[in-house]
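S.K.:
2 protein chains.
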Amino acid sequence: MRIGELATRTGVSVRALRYYEEQNLLASERSPSGQRQYPDSAVDRVRLIQQLYAAGLPSKSIAELLPCVVNGEATPELIDRLSAERDRIDSRIGDLVGARDRLGTVIAAATANWRTGEDCRRQ
Amino acid sequence: MRIGELATRTGVSVRALRYYEEQNLLASERSPSGQRQYPDSAVDRVRLIQQLYAAGLPSKSIAELLPCVVNGEATPELIDRLSAERDRIDSRIGDLVGARDRLGTVIAAATANWRTGEDCRRQ
DNA sequence: CTTGCCTCTGACGTTAGCGTCAGGTTTTAG
DNA sequence: CTAAAACCTGACGCTAACGTCAGAGGCAAG
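Which chain is which? The protein sequence lines are A and B, in order. Going letter by letter, the first sequence gives residues 1 to 123 in the UniProt record's numbering. Going letter by letter, the second sequence gives residues 1 to 123 in the UniProt record's numbering.
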């Protein structure tokens, strides 16, 4: 398929797909005229890239880890990198849970105050 | 205290603290000569700001929500905003958990292959 | 008084992940 | 065959949260 179809099928912009290629995250064949050609598997690949981006990994890390994630091509060093990233994600999750709980208690308190008609600034 | 002490006590750079003031996240008194003066409570305030930044909130949202979080100053609209942010954090957590689990399975598989001496690229 | 560290206000630099033209070719629909 | 739609390669723009000078004043110690 060509780049436009891949874009609509993944929900990612054409510009982003070209950017992924620039970052060596996504390869493409070229037609004789120079247009990019992707196999169907590219859809999953793009979704995986998106997932790793969503996890906060920068392009460079994704580029290093993708061969391992996709092909199972793993050296001990790569496994260490993967573990390190997973741990970072874990600690990020911890941060987020903390923030969420904080907001949660604030919301509960504010809602209670509001419902009982108390002065919102008292506390 | 002055800005340098606040910086060392919070682990945040002086530049960042001035930036927070610029974004209306952190107020300061001024000495006659123009130097910033902070109360002890500023330490907690800065930590709270950091926590919200860590949760992925941009300055503008933090500025809107801080009065509510700190003073309990809540209108129904603010409570809605808080809930919306909490929900966004929740969905971010979901993304992160998904990515972490994905890495987890990859790590497990790669480690197994590596221990059994299998060709890492076979799969 | 002066040395040295802290602080001040601009203001430009940086990084990432794209958005958005510009100007030109290619493919497709009628 | 032609016009519209899709694609190409640069290349500049943008936002956020600061980093990093530059140039100048402020403050405690000897």
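Every residue, glycine too, gets a C-beta built ideally from N, C-alpha and C. Every value quoted in this text rests on a predicted model; they were computed, and no experiment measured them.
Rounded to the nearest angstrom, how far is the Cβ of Ile49/A from that of Leu25/A, given a contact under 8 angstroms?
M.R.: Confirmed, about 5 angstroms.
S.K.: Note down the Cα distance separating Leu103/A from Leu57/A, rounded to an integer number of angstroms.
M.R.: Their Cα atoms are separated by approximately 26 angstroms.
S.K.: Can you confirm whether Asn24/B, when its beta carbon is compared against all beta carbons of chain A, has any partner nearer than 8 angstroms?
M.R.: Judged by the 8 angstroms Cβ criterion, Asn24/B is not in contact with chain A.
S.K.: When Cβ atoms are compared, which residues of the segment 77-98 of chain A fall closer than 7 angstroms to chain B?
M.R.: Of all residues in the segment 77-98 of chain A, Ile79, Leu82, Ser83, Glu85, Arg86, Ile89, Asp90, Arg92, Ile93, Asp95, Leu96, Val97 and Gly98 have a Cβ within less than 7 angstroms of some Cβ in chain B.
S.K.: Could you confirm whether any beta carbon from chain B is found closer than 8 angstroms to the beta carbon of Gln51/A?
M.R.: Judged by the 8 angstroms Cβ criterion, Gln51/A is in contact with chain B.
S.K.: Beta carbon of Gly94/B, beta carbon of Gln51/A: below 8 angstroms?
M.R.: Not a contact, by the Cβ cut-off of 8 angstroms.
S.K.: With three or more beta-carbon pairs closer than 8 angstroms as the criterion, would you say the segment 2-15 of chain B touches the segment 78-93 of chain A?
M.R.: No, because fewer than three Cβ pairs between the segment 2-15 of chain B and the segment 78-93 of chain A fall closer than 8 angstroms, the two stretches do not touch.
S.K.: Using the rule of at least 16 other Cβ atoms within 10 Å of the residue's Cβ for burial, across every protein chain shown, is Arg74/B buried or exposed?
M.R.: The question names Arg, but residue 74/B in the sequence shown is Ala. Ala74/B comes out buried.
S.K.: By the DSSP assignment, the alpha helix (DSSP H) with Ser61/A in it spans what residues?
M.R.: Counting along the chain, the alpha helix (DSSP H) containing Ser61/A begins and ends at Ser59 to Asn71.
S.K.: Going straight from the alpha carbon of Thr10/A to that of Ser41/A, what length do you get?
M.R.: One C-alpha to the other measures close to 12 angstroms.
S.K.: For the UniProt domain "HTH merR-type" (1-68) of chain A, which residues have a CB atom closer than 7 angstroms to at least one CB atom of chain B, in sequence order?
M.R.: Within the UniProt domain "HTH merR-type" (1-68) of chain A, the residues whose Cβ lies closer than 7 angstroms to some Cβ of chain B are Gln51, Leu52, Ala54, Ala55 and Cys68, listed in chain order.
S.K.: Do we get a CB-CB distance below 8 angstroms when we pair Ala74/B with the residues of chain A?
M.R.: So yes, Ala74/B belongs to the interface.
S.K.: Measure the C-alpha to C-alpha separation of Arg81/A and Ala112/B and round it to an integer number of angstroms.
M.R.: If I take the Cα positions, the gap works out to 16 angstroms.
S.K.: Does any residue of chain A have a CB that is nearer than 8 angstroms to the CB of Ala108/B?
M.R.: Chain A, which has no Cβ nearer than 8 angstroms to the Cβ of Ala108/B, makes this no.
S.K.: Would you mind reading off the limits of the alpha helix (DSSP H) that contains Ser13/B?
M.R.: First-last for Ser13/B: undefined, no H or E at that position.
S.K.: Taking Cβ to Cβ, would you say Tyr38/A is nearer than 8 angstroms to Ser28/A?
M.R.: Cβ atoms of Tyr38/A and Ser28/A: closer than 8 angstroms.
S.K.: Run through DSSP, which three-state label would Gln37/B get?
M.R.: DSSP places Gln37/B in strand when its eight states are reduced to three.
S.K.: Using a Cβ-Cβ cut-off of 6 angstroms (strictly less than) and excluding sequence neighbours within five positions of residue 127/B, which residues of its own chain qualify?
M.R.: Residue 127/B lies beyond the residue range present for chain B, which begins at 1 and ends at 123; the question has no answer from this structure.
S.K.: Give me the Cα-Cα distance between Asn71/A and Val14/A, rounded to the nearest whole angstrom.
M.R.: Rounded to the nearest angstrom, the two C-alpha atoms are 26 angstroms apart.
S.K.: Which of helix, strand or coil does DSSP assign to Arg30/A?
M.R.: Correct three-state label for Arg30/A: strand.
S.K.: Taking 8 angstroms as the cut-off, decide whether the C-beta atoms of Ala55/B and Leu96/A are in contact.
M.R.: Going by C-beta atoms, Ala55/B is nearer than 8 angstroms to Leu96/A.
S.K.: What whole-angstrom Cβ distance do Ile107/B and Ser83/A have, given they're in contact under 8 angstroms?
M.R.: Confirmed, about 6 angstroms.
S.K.: Assign Ala110/A to one of two classes, buried (16 or more other C-beta atoms within 10 Å of its C-beta) or exposed (fewer than that).
M.R.: Buried: at least 16 other Cβ atoms inside 10 Å.
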